[in-house]
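Below is one structure, written out as structure tokens; comments come after it.
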Amino acid sequence: MNAIEVRGLRKTYRGHDAVRGIDLSVARGEVFALLGPNGAGKTTTVEILEGHRPRSGGEAQVLGEDPGTAGRVWRSRIGVVLQDADDAADLTVTEMVRHVAGFYPDPRPAAEVIDLVGLTEKSTSKIRALSGGQRRRVDVALGIVGRPELLFLDEPTTGFDPAARRQFWDLIRALATDGTTILLTTHYLEEAEALADRLAVLSEGVIVAEGTPATLGGRSAAGAKVSWRDGGVQHTEQVADPTELLRKLIAADTDLTTLTITRPTLEDTYLALIGDHR
Amino acid sequence: MTVAAAVLPGTFTNGVARGKVEILQFIRDRTAVVFTFAFPAMLLLLFGTIFGDSYDDTGVSVAQVYTASMIAYGALNTGFITMGSGLALDREDGTLKRLRGTPITSTAYLIGKLILVFVLSVAEVAMLLLVGVLVYDMPLPDASHWLTFVWLFLLSVIVCTLCGVAVSAIVKHARSAGAILNVPVVALQFVSGVFIHPITQLPTWLITVASFFPVKWMSQGFRYVFLPDSMKQYEAAGQWELGRTALVLGAWCVIGLVLCLTTFRWTEKDR
């Protein structure tokens, strides 16, 4: 059974369609990324799957239950990492992690979780005194303290510096290695590429493409762009397989000093996808 | 799944854990401790000093009357204001959203808030009585009066807390909570015989309006508990009216509960 199974999911706010019929399947143990610009419906979708928001239509099964009606036991099997929480500022890291751990049937030890997110040195600091990146790592600690089978991460690295982002990625990979299913939303392409087994691009409430980072939007089949400069003239050719063209160019003794062969990056593919759709 | 259900911590356990954390956070927030919690006692010291007279025929000092009446303010302060602004803040800073992502129930969260309100209310009353007894030589009443005190205090705290929960629904931003919540608190104290005593100095229609709200009955009841019987001549009806007090406060419990149940929201965004 898949961890997440969604068919025709819809959400309407006061006549505005935020989510317009989404199908999603996320297998157990998979890291799945939802990509999309602001306002595409990523957060709404995730909040529906977390059970925080009722849906307007469609089917949703998360860990085998309907998130709209699932109870406390179900909640103890998921983990939610909040995007912009500012709570518990006057508690220390350890106090807050212990407090939240107490809500779960079989929590990880607080010290272990704090170590996992790299905050051992800050464990007795008030949360108020932490930097933005450290604050988000507390959020992750609180999201995983209950040993969730499925973890929701909504734009977890917004505002991180590059080094903190790399550390965070290592943490997510470690959780994935342990078998945790992860649903991640992000608008950083490198993040999706670095972490996700599969991803989907969401634009204006619909999924416009789905695949692995390598194949998304026909990326692997998109061919290559071959460019070179010969006798002051710029040549560019779009080919499925550059081998034949190169052989021809070499046979003709063409000057290949400036030769480049490029394939579309994930970013090119992504921008084309959301651009096409708009 | 049934195995997991069996060891999921219960609502009461979680509620007590919430209560501890609420109290810890309150104590560590010095602004709240000084400016919210200590405010009624500061006002009492101020009023008692400014109005140094006594009621000639009964020998009761104005400061002693203020001490008794201000206990109503104490309950308003810890129940209504702490609860109302606390909920608005929890909604805004992500506390409620965080808890919704965990297996804790909303009842456990509210138990935690009630523990906070109850502990603060007891401490608030103790502080006011300490000022009354030490600074203004207020005599403490006998056992039967304390019995009245217990039910009156509990009803007052419950009414104020329920109304605080209900009113938090109309507070859009925690920043404005203090301003919004203090309007009814201050206004009701002026018309309910807390700041201005005897209440009979007010126009009759204003006393009628005040009689629809709980504060008038709370302060009147606390004056019954802590003042000599001869002081009843200064009340609106010339009587302590304990039965009617219980009735009005009981009705407000029901009103407050209904308002709570219809307006409570976990998050600031509606669906």
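Protein chains in written order, with numbering that gives the first Met the number 0: chain X, 0 to 277; chain G, 0 to 270. Every residue gets a Cβ at the ideal spot worked out from N, C-alpha and C, and that includes glycine.
So which residues on chain G does residue i lean against when the C-beta distance must stay under 9 Å?
i       : result
L141(X) : R97, G100 and T101
A84(X)  : D92, G93, T94, K96 and R97
L81(X)  : G93, K96, R97 and G100
I'd like the list of long-range same chain contacts for residue i, defined as Cβ closer than 7 Å, with 5 residues on each side in sequence excluded.
i       : result
P147(X) : R76, I77, G78 and T179
Q237(X) : G222 and K224
D269(G) : Summary for D269(G): the model assigns pLDDT 42, below 50, so the residue's position carries little reliability; its value from the coordinates is reported in the next sentence. Nothing meets the Cβ criterion.
S53(G)  : V59, S60 and V61
L255(X) : W227 and L248
S84(G)  : A173, A176, G177 and L180
L43(G)  : Y65, T66, M69, L127 and V130
N76(G)  : T35, F38, P39 and E123
Starting from the beta carbon of residue i, find every residue of chain X whose beta carbon is closer than 7 Å, and list them in chain order.
i      : result
A16(G) : H98 and G101
R27(G) : D89
Given a cut-off of 8 Å, decide if residue j and residue i are closer than it, judged by their beta-carbon atoms.
i       : j       : result
V214(G) : Q238(G) : no
A165(G) : G255(G) : yes
G132(X) : F159(X) : yes
V80(X)  : L7(G)   : no
G163(G) : M230(G) : no
R135(X) : D89(X)  : no
E209(X) : A199(X) : yes
A87(G)  : V170(G) : yes
G204(X) : L272(X) : no
I143(X) : L194(X) : no
L258(G) : Q63(G)  : no
Q82(X)  : D153(X) : yes
R17(G)  : Y135(G) : no
R6(X)   : D22(X)  : yes
D86(X)  : D92(G)  : yes
T44(X)  : V25(X)  : no
R97(G)  : L141(X) : yes
L139(G) : V149(G) : no
L182(X) : F151(X) : yes
P263(X) : R218(X) : yes
L192(X) : L248(X) : The residue asked about is misnamed: residue 192(X) is Glu in this sequence, not Leu. In this structure, L248(X) does not lie closer than 8 Å to E192(X) by Cβ.
L34(X)  : Y269(X) : yes
V156(G) : V116(G) : yes
P183(G) : R74(X)  : no
L241(G) : T94(G)  : no
L149(X) : A239(X) : no
V124(G) : F152(G) : yes
G63(X)  : M0(X)   : yes
H144(G) : V247(G) : no
L205(G) : V185(G) : no
Leaving out five residues before and five after residue i in sequence, what residues of the same chain have Cβ atoms less than 6 Å from its Cβ?
i       : result
N181(G) : none
W251(G) : V158 and P213
I80(G)  : L180
I260(X) : A223, V225 and P241
I288(X) : Summary: the structure shown does not reach residue 288(X), with chain X confined to residues 0 through 277, and so no result is reported for it.
T244(G) : W216 and G220
L258(X) : W227
L161(G) : G255, L256 and C259
List, in order along the chain, the chain G residues whose C-beta lies closer than 8 Å to that of residue i?
i      : result
A39(X) : Those within 8 Å of A39(X) in chain G number zero; the least Cβ separation is about 18 Å.
Cβ closer than 9 Å: which chain X residues qualify as neighbours of residue i?
i      : result
Q24(G) : A87, A88, D89 and L90
V20(G) : A87, L90, E94, M95 and H98
N76(G) : In chain order: nothing, as chain X lies at least about 20 Å away.
In chain order, what residues of the same chain have a beta carbon less than 8 Å from the beta carbon of residue i, not counting five sequence neighbours either side?
i       : result
E243(X) : none
S124(X) : T91 and V92
V137(X) : V92, M95, V96, V116, L118, I126 and L129
T1(G)   : Below a pLDDT of 50, predicted positions are generally treated as unreliable, and T1(G), at 47, falls in that range; no measurement from the model is reported.
S175(G) : none
Quick one: list the residues of chain X neighbouring residue i, beta-carbon separation under 8 Å, in chain order.
i      : result
D13(G) : At residue 13(G) the sequence reads Asn, which differs from the Asp that was named. Here the neighbours are G101 and F102.
Please confirm whether any heavy atom of the ligand SAH lies closer than 7 Å to the CB of residue i.
i       : result
L118(X) : Of the ligands one can find in the structure shown there are none, so the ligand SAH has no counterpart to examine.
Cβ-based contacts, 7 Å cut-off: residues of the stretch 46-77 of chain X near chain G: Of all residues in the stretch 46-77 of chain X, E49, H51, R52, P53, R71, V72, R74 and S75 have a Cβ within less than 7 Å of some Cβ in chain G.
Cβ contact (3+ pairs, closer than 8 Å) linking the stretch 28-37 of chain G and the stretch 184-203 of chain G: Because the criterion of three Cβ pairs below 8 Å is not met, the stretch 28-37 of chain G and the stretch 184-203 of chain G do not touch.
Segment contact flag, the stretch 50-59 of chain X with the stretch 59-69 of chain G, C-beta cutoff 8 Å, min 3 pairs: Look at the beta carbons and you see the stretch 50-59 of chain X not touching the stretch 59-69 of chain G: under three pairs across the two are nearer than 8 Å.
Cβ pair count under 8 Å reaching 3, the stretch 162-181 of chain X against the stretch 4-15 of chain X: Under the 8 Å Cβ criterion, the stretch 162-181 of chain X does not count as touching the stretch 4-15 of chain X, having fewer than three qualifying pairs.
Stretch-stretch touch, CB-based, cutoff 8 Å, three pairs: the stretch 17-28 of chain G with the stretch 91-110 of chain G: Contact holds: three or more Cβ-Cβ distances are below 8 Å.
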